[in-house]
Amino acid sequence: AQSVTQPDIHITVSEGASLELRCNYSYGATPYLFWYVQSPGQGLQLLLKYFSGDTLVQGIKGFEAEFKRSQSSFNLRKPSVHWSDAAEYFCAVGAGSNFGNEKLTFGTGTRLTIIP
Amino acid sequence: DVKVTQSSRYLVKRTGEKVFLECVQDMDHENMFWYRQDPGLGLRLIYFSYDVKMKEKGDIPEGYSVSREKKERFSLILESASTNQTSMYLCASRGVLLFTYEQYFGPGTRLTVT
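Okay, structure coming up:
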């Protein structure tokens, strides 16, 4: 079974500084990888996804993530954070043996705080 | 845009009550999911449905049941609510198209059982 680890429970970053959120996955085959963001009191919004091809993927709100198979990682990055980026971030891995029954397994999340 | 709506944002129920959480999506998606979200545990899958009247247990189905009579609607039922079911409940849907595995989420229902 697949699993996802987000080793950082809480990260604090100054506005304008760069950001990297870590995600490690465990899955036997090529995974489908996702980053979601959850603003306070809201549902989850998809930031970006990786299925195949270019290992550096671009998402919304200026975020990008890099798939590194050798490290089983899919870290999320942003060169300069804004106060509105304060939220909880979830990494997820998708797997399914038959087309159409794919499920997502989520990490426990990283809460991002932005300080002025 | 895909829209997933949940019947209530906040709900307070008493122990032993039967609770219905409703989820509706407007994109003709085949798959629908119910998760619960707890601090430090992330999202855990309760049940999912890959088509009308089809359902499959997720990782934590105990104490819950589901119903999907129409494609757009997926209901989560707590037969006899208990305090350990106090949580945020998130519904999601997904269309079964090639390379579109992402799930679309509703705003969540924060359930408190007293």
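Top to bottom, those sequences are chains A and B.
The first sequence: position 94 = 94 (the numbering used here), numbered continuously.
The second sequence: position 2 = 1002 (the numbering used here), numbered continuously.
Ideal Cβ positions, reconstructed from N, Cα and C, are used throughout, including at glycine.
Buried or exposed for residue i, going by 16 or more other Cβ atoms inside 10 Å?
{"i": "LYS61/A", "result": "exposed"}
{"i": "SER1046/B", "result": "The amino acid at residue 1046/B is misidentified as Ser; the sequence shows Ile. Answer is buried; the Cβ neighbour count reaches 16."}
{"i": "TYR1050/B", "result": "buried"}
{"i": "PHE1020/B", "result": "exposed"}
{"i": "LYS68/A", "result": "exposed"}
{"i": "LEU56/A", "result": "exposed"}
{"i": "ASN1031/B", "result": "buried"}
{"i": "GLY28/A", "result": "exposed"}
How about residue i and residue j: are their beta carbons less than 8 Å apart?
{"i": "PHE34/A", "j": "GLU1017/B", "result": "no"}
{"i": "GLY94/A", "j": "GLU102/A", "result": "yes"}
{"i": "GLN2/A", "j": "THR110/A", "result": "no"}
{"i": "SER18/A", "j": "SER80/A", "result": "yes"}
{"i": "VAL1058/B", "j": "PHE1074/B", "result": "Here the sequence assigns Gly to residue 1058/B, which means Val is not the residue at that position. Not in contact: GLY1058/B and PHE1074/B (Cβ atoms no closer than 8 Å)."}
{"i": "LYS78/A", "j": "PHE63/A", "result": "yes"}
{"i": "TYR36/A", "j": "ALA86/A", "result": "no"}
{"i": "GLY1063/B", "j": "LEU1078/B", "result": "yes"}
{"i": "LEU76/A", "j": "GLU20/A", "result": "yes"}
{"i": "CYS23/A", "j": "SER70/A", "result": "no"}
Within the 8 Å Cβ cut-off, does residue i reach chain B?
{"i": "THR117/A", "result": "The structure shown does not extend to residue 117/A, since chain A is modelled only from 1 through 116, so no value can be given for it."}
{"i": "LYS104/A", "result": "A small fix is needed here, since residue 104/A is Leu in this sequence, not Lys. At least one chain B Cβ lies under 8 Å of LEU104/A."}
{"i": "LYS49/A", "result": "yes"}
{"i": "LEU44/A", "result": "yes"}
{"i": "GLY59/A", "result": "no"}
{"i": "PHE67/A", "result": "no"}
{"i": "PHE34/A", "result": "yes"}
{"i": "PHE90/A", "result": "yes"}
{"i": "GLY53/A", "result": "no"}
{"i": "GLY28/A", "result": "no"}
{"i": "GLY62/A", "result": "no"}
Is there at least one Cβ from chain A nearer than 8 Å to residue i's Cβ?
{"i": "PRO1061/B", "result": "no"}
{"i": "GLY1042/B", "result": "yes"}
{"i": "PHE1048/B", "result": "yes"}
{"i": "TYR1101/B", "result": "yes"}
{"i": "GLY1016/B", "result": "no"}
{"i": "GLY1108/B", "result": "yes"}
Three-pair Cβ contact test at 8 Å for the region 1079-1092 of chain B versus the region 1103-1114 of chain B: Touching, yes, given that three or more Cβ pairs across the two stretches are closer than 8 Å.
Minimum length 3: unbroken beta strand (DSSP E) runs contained in the region 14-65 of chain A: Segments of the beta strand (DSSP E) lying fully in the region 14-65 of chain A: 19-21, 24-26, 32-38, 44-50 and 56-58.
Those runs of the beta strand (DSSP E) which lie wholly inside the region 80-114 of chain A and span at least 3 residues: The DSSP assignment places complete beta strand (DSSP E) segments of no fewer than 3 residues inside the region 80-114 of chain A at 87-95 and 103-106, in order along the chain.
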